[in-house]
Structures are given as structure tokens and as C-alpha cells.
Amino acid sequence: MSEIVGVTLQGVSKTYAGGNVAALNTIDLEIRAGAFFSILGPSGCGKTTLLRIIAGFEYPSAGRVFIGERDVTALSPRERDIAMVFQDYALYPHMTAAQNMTFNLRNRRVPKAEIARRLAETASILGIEPLLHKRPALLSGGERQRVALGRAMIRKPQIFLMDEPLSNLDLKLREQMRIELSRLHQALGVTVVFVTHDQAEAMTLSSELAVLRGGTLQQMGPPDRVYARPANIFVARFIGSPSMNLLRASVRGGRLVMESEGTALPVPADARLQEGEALLIGVRPHDLKVGRKGEGGLAVKVALTEHLGRHNFVVCHPVGGTACLHEQDAIQFETEASVRYPVGTELELSAAPDALRLFTPSGERRDEAP
């Protein structure tokens, strides 16, 4: 295995059409050696472009790319010591699994004994020994993906780059492959840069992640930190399912009073707010609690309950209208599976002060917790 190194991006930008179309805007990233680092965002946010720049398939319009201490900005993919796993597997249909996995080594004229040793070792790790003689047409989607992983692993690169490798698999196979990828990463200790639009994949696999939107880095950090302290309302609603609830409020008499409702919530202890300041309050569905009527919570009426086995998500509409809601038409909260509320039931919802996330009206994080 090559030396395990990290990746550094310094001010990386990418434009097309003579500079008129910006795909990436001054991206700074520090990916530590041995990390499983996910680049997460909606379609068209620039995440695959960023991965291709790390790989050397595209060159940045501005900025620099380092693999370890080496400036690879102008180097070809062959010179970067990386291996890439693609969404569509990219296996040669006329070759067996073994031939696909060893193709690069044979082109580099690696000795046959070394190729055989690496093939046996990689196939054993992935549990694909019975598949080595088969062509891709005879393999399932999960088996093809394992062969594609094996083709990358057998090269023993410094960096693994993965472009939505699980998106073509069905739900059960995706779950199995997430476990497989996590196990492989722990066993090999390699640096993995993983592109996905699926926040569940990013949250479960990553030691760190970066969230992109419109070619701009929104936030970077460990998944639990990004989930707990989103930098803005885009991250707050993109990370987590169901999305974070957002409510309009202002500070009055040391309380957070919701717009049009008059309902007041306590201010988080670490917030430094000004009287009359307008805010957006973010609260996760699992942090909303049902209180007794008349206790001063947000009055809502149940519209729908989604039953998901171990728990339910209850969809509600504010009794006083939707003026207190920001870019949504309902509030969701979580209950145990045994708790059922008929449609039309009126409830009052509240949350602990430390469960509230505060944002400016423009959507940037306002609370000043460390």
C-alpha cells in the first residue's frame, strides 16, 4: 500500500463558457490522511466537478490541489496515484472480473506473481473469489460494485475517489454496501473522498463531510457537528430527515415570540440577542415535545401521521396559520410507534432551550455556542 496521505484544496475555482459559468467558487478543503471524507450536496452543486479536479480529469480555473505535500494541480491522473470508483462501475464487458481488476497492473507490466498475489489478497478481502472467472453480464449490481472496488484496491493507491458508487443499487444493497465500505475503510485505513447526494450515506460513512450548494462550500466538519450546529438554514434542512422545522420569531422581553402566534419560547443560554431582533428558530422533529393544552406551546392541528415501524412522524399545521413558518407549510415532530393522534387533534408543541438553533432572517447561524 502506498503511503496514506491527505488532500488539500486551496482556493479552487472552476468556470466554463469563458468564465461566464461558475461551477466552483474558491473552495478551501483540508482532508486529513486516513479520513473517510464525503462531499455532499444536491444535484448540480459541483461535487462531481470537485472530485474530478482532485482526480486530474479536470483542471481548476484557479487555485491549487495537493496530495500529501505534493502539488498535483497540473499533473495528469496517472501521475497522482489515485484510484476512482464510478457510479456506473465502468467494467469492460468482454473481460472477466479478474481481468478487469488486474487490467491496470498488466498495463504497467507489474510481474505476474505480484499480480496474482494482489488479486488473491483483494478478492479475499472483498469475498469475491467465486466471481473472478465471470464476466460483468453474469454479476448482480452489488457484485459488479465489489469488482469495481477491487479494481481500485488492487492498485494500492494513496487516495480512493468514489463518485456516487452506491446510487445504482437498490435500497437493501445500498445498506449492505455501506457496511462493506465502512468495514473496508477501517481495515485498510486509506483516505477516501466520497461524493454523494444522499445525506444518509454521508452521515453513516464519513469521519468528516463538506456540504456544497451552487458551487460554494456551506460547511465542513464531523457529521454529528454539522447536524447539531448547521452553519445556515440550507445545511439545517439538507442534513437530517425529516428536515429541521423553521419558525419565524422575534425577541421580546427576553423570550422568543413566534410571528403571528404570540407563543413564546425560552432563549438558549448561550445566545446573545437584542430586544426586537428578528430570527428564525430551527428545531429538529425529535426535539419537539407534546405538552398539555394551555402550557404555552405552539398550538397545532394534526394533519397526517407517517408510521415508520419503531416511530412515527406527525405532520401538523399551526392553528394560527402558517405565517410563523419559514419556507414550509407544516411542522413535523416524532413520537414513539405506540403513540397515535387522530387527524384534527389539537396539540401544543414545545422544545427545550438547548434544542433550539437560531438563524438570522437571511439564514445564517446566529447563536454563538462553541
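12 is the number of the first residue of the sequence shown in the working numbering; add one for each residue after it. For each residue, glycine too, the CB sits at the ideal point set by N, CA and C.
Do you know offhand how far residue i's Cα is from residue j's?
| i | j | result |
| --- | --- | --- |
| P100 | T207 | It is worth fixing the name first, because residue 100 is Tyr in this sequence and not Pro. Computed Cα separation, rounded: 15 Å. |
| D174 | I136 | 22 Å |
| L258 | S252 | 17 Å |
| G30 | G226 | 14 Å |
| V354 | A362 | 22 Å |
| V326 | L360 | 12 Å |
| A44 | I38 | 19 Å |
| A131 | F205 | 26 Å |
| P147 | A310 | 57 Å |
| C335 | G374 | 15 Å |
| G302 | G308 | 7 Å |
For residue i, which residues of its own chain have a beta-carbon under 7 Å away from its beta-carbon, when the five flanking residues on both sides are left out?
| i | result |
| --- | --- |
| A247 | P241, M255, G293, R368 |
| Q98 | D174, E175, P176, S178, N179 |
| L62 | I50, L172, D174, V204, V206 |
Excluding sequence positions up to five away, which residues of its chain have a Cβ less than 6 Å from the Cβ of residue i?
| i | result |
| --- | --- |
| T371 | R377 |
| A380 | Only weak support is given to the placement of A380: the predicted model assigns it a pLDDT of 44, under 50, and the question is left unresolved by the model. |
| E286 | V262 |
Taking the continuous beta strand (DSSP E) assigned at residue i, which residues delimit it?
| i | result |
| --- | --- |
| F48 | 47-51 |
| R263 | 256-263 |
| P372 | First-last for P372: undefined, no H or E at that position. |
| E170 | According to the sequence displayed, residue 170 carries Ile and not Glu. Where I170 is concerned, the enclosing beta strand (DSSP E) stretches over 170-174. |
| V23 | 18-27 |
| R376 | Neither: R376 is in no beta strand (DSSP E) and is coded neither H nor E. |
| N36 | 32-42 |
Could you check where the alpha helix (DSSP H) with residue i kicks off and where it finishes?
| i | result |
| --- | --- |
| I64 | 58-66 |
| H196 | 182-199 |
Answer yes or no: do residue i and residue j have a C-beta to C-beta separation smaller than 8 Å?
| i | j | result |
| --- | --- | --- |
| A221 | I50 | yes |
| G52 | R236 | no |
| S261 | P234 | no |
| E41 | T19 | yes |
| L7 | A108 | Because the chain in this structure spans residues 12 to 381, residue 7 falls outside the shown range and cannot be described. |
| L116 | R129 | yes |
| R318 | E347 | The sequence shown places His at residue 318, rather than the Arg named in the question. The answer is no: Cβ separation not under 8 Å. |
| V76 | Q169 | no |
Please go through the same chain and pick out, in chain order, the residues whose beta-carbon is closer than 8 Å to the beta-carbon of residue i, but skip the five residues on each side of it.
| i | result |
| --- | --- |
| R266 | A275, L276, P277, V278 |
| Q210 | L51, F249, I250, G251, S252 |
| R189 | L177, E212, T215, L216 |
Write down every uninterrupted run of the alpha helix (DSSP H) in the region 75-159 whose length is 4 residues or greater and which is fully enclosed by it, in chain order. 108-118, 123-137
Go through the region 205-254 residue by residue and report every complete run of the alpha helix (DSSP H) that reaches 4 residues or more, in order. 210-216, 234-239, 244-249
Which complete beta strand (DSSP E) runs does the region 279-366 hold, if anything under 3 residues is left out? 289-294, 300-302, 309-318, 322-329, 342-347, 357-361
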